[in-house]
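Enquirer: So the sequence shown is numbered by our numbering: it starts at 196 and just counts up by one. Ideal Cβ placement from N, Cα and C applies to all residues, glycine included.
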Amino acid sequence: MSAMRAQQNLASAQQPPADLGTFYAMWMEQLKVWAQAGTYDANTLCNVGGTIQNAPPLDVATLAIVVAATTDVGVPSKVNHYRTEVNTFLAQRPASPIDSNWHAKDSFQLWCEILLFTDLGPLQSELTGLAMQGIITFGRDAAAVFGILLQGRARYGWGRAAEAAETQWLLPAALKAMAQAEAYLHSEHSGDLNLTQLVQTLPQ
Numbered sequence: 196m197s198a199m200r201a202q203q204n205l206a207s208a209q210q211p212p213a214d215l216g217t218f219y220a221m222w223m224e225q226l227k228v229w230a231q232a233g234t235y236d237a238n239t240l241c242n243v244g245g246t247i248q249n250a251p252p253l254d255v256a257t258l259a260i261v262v263a264a265t266t267d268v269g270v271p272s273k274v275n276h277y278r279t280e281v282n283t284f285l286a287q288r289p290a291s292p293i294d295s296n297w298h299a300k301d302s303f304q305l306w307c308e309i310l311l312f313t314d315l316g317p318l319q320s321e322l323t324g325l326a327m328q329g330i331i332t333f334g335r336d337a338a339a340v341f342g343i344l345l346q347g348r349a350r351y352g353w354g355r356a357a358e359a360a361e362t363q364w365l366l367p368a369a370l371k372a373m374a375q376a377e378a379y380l381h382s383e384h385s386g387d388l389n390l391t392q393l394v395q396t397l398p399q
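1) Please classify residue 360 as buried or exposed, where buried requires at least 16 neighbouring CB atoms within 10 angstroms.
2) Looking only at C-alpha atoms, which of 340, 298 and 364 sits nearest to residue 307?
3) Quick one: is residue 302 buried, meaning 16 or more other Cβ sit within 10 Å of its Cβ, or exposed?
4) What did DSSP end up calling residue 384 once you bin it into helix, strand or coil?
5) By a C-beta neighbour count over all protein chains shown, 10 Å radius and 16 as the cutoff for buried, is residue 271 buried or exposed?
6) For residue 365 and residue 349, what's the separation of their Cα atoms in angstroms?
7) Between which two residues does the alpha helix (DSSP H) harbouring residue 310 extend?
8) As a quick exercise: from 336, 387 and 354, pick the residue whose alpha carbon is nearest that of residue 373.
9) For residue 225, count neighbouring C-beta atoms within 10 Å of its own C-beta (all shown protein chains included) and say buried if the count is 16 or more, exposed if not.
10) Let's see if you can read the secondary structure: which residues bound the alpha helix (DSSP H) around residue 336?
11) Helix, strand or coil, according to DSSP, for residue 318 in the structure here?
12) Give the DSSP-derived three-state secondary structure of residue 278 in the structure shown.
13) Just checking, does the stretch 278–286 make contact with the stretch 252–263 on the three C-beta pairs under 8 Å criterion?
14) Starting from the C-beta of residue 347, find all residues in its chain whose C-beta is less than 7 Å away, skip the five residues before and the five after it, and write them out in chain order.
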């Protein structure tokens, strides 16, 4: 399906179709177009898909299938690289409250749990690291997946959206981290920094 056709179908939808997988796939197609711009703008993200009368429900299992079918986020070699880099990052943060079994989860499952269902108060640096390494390992496919989770929370009430202050912090924080990682990849310093050092480059 072309990006234009996906945009037309998604924007004209009055409510998510009975086939939620098809709806997610159209939505993901538009988020991949958004991600390809590489600017990670919050206003543009929240407007992807036009007006949808009824908020699309969150079905993690169905969304995971769509993510696996339409992105590189589940490619084993990339997942292993992501886990290795994040493990090194977390090893330098022994007091991190991230579940010690995080490495048993695939990337989408981990991001879904962190972005939607976890108290982010004590995890701000970890969230930044997960987002940055996502861009470094998976490229703009990671941005599209983060985008659907962020838009789902900020616009459609997924997960802990009722935690208004946390949600308002999360959207710009995650997008800023991804933009910084994107800039790093295209800089003369690409490949010189480990994840801990890269996180420290993020403007406060």
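Expert: A quick look at the data gives this:
1) In the sequence shown, the residue the question calls residue 360 occupies position 165. Exposed, by the Cβ-count rule.
2) Within the sequence shown, residue 307 is the residue found at index 112, counting from 1. Distance check between residue 307 and each of 340, 298 and 364 places 340 closest, using alpha-carbon atoms only.
3) On the sequence shown, residue 302 is found 107 positions in, with the first residue counted as 1. It counts as buried.
4) Locating residue 384 in the sequence shown gives position 189, where the first residue counts as 1. The answer is coil: DSSP assigns residue 384 none of H, G, I, E or B.
5) Here residue 271 refers to the residue found at position 76 of the sequence shown. With fewer than 16 other Cβ atoms within 10 Å, it is exposed.
6) Along the sequence shown, one-based indexing puts residue 365 at 170. Along the sequence shown, one-based indexing puts residue 349 at 154. Just so you know, the alpha carbons of residue 365 and residue 349 end up roughly 9 Å apart.
7) Numbered from 1 along the sequence shown, position 115 holds the residue referred to as residue 310. Here the alpha helix (DSSP H) through residue 310 covers 302–312.
8) Taking the first residue of the sequence shown as 1, we reach residue 373 at position 178. If we check each option's Cα against that of residue 373, 336 comes out closest.
9) Here residue 225 is taken as the residue at index 30 of the sequence shown, counted from 1. That one is buried.
10) Sequence index remark: in the sequence shown, residue 336 carries index 141 (1-based). Residues 335–351.
11) Mapped onto the sequence shown, residue 318 falls at position 123. Note: residue 318 maps to coil in three-state DSSP.
12) As a working note, residue 278 is residue 83 in the sequence shown. Judged by DSSP in its simplified three-state form, residue 278 adopts helix.
13) Contact fails between the stretch 278–286 and the stretch 252–263, because fewer than three Cβ pairs, one in each stretch, are under 8 Å apart.
14) As a working mapping, residue 347 is identified with position 152 in the sequence shown. Once the five neighbours on either side are set aside, the close Cβ partners of residue 347 are 253 and 353.
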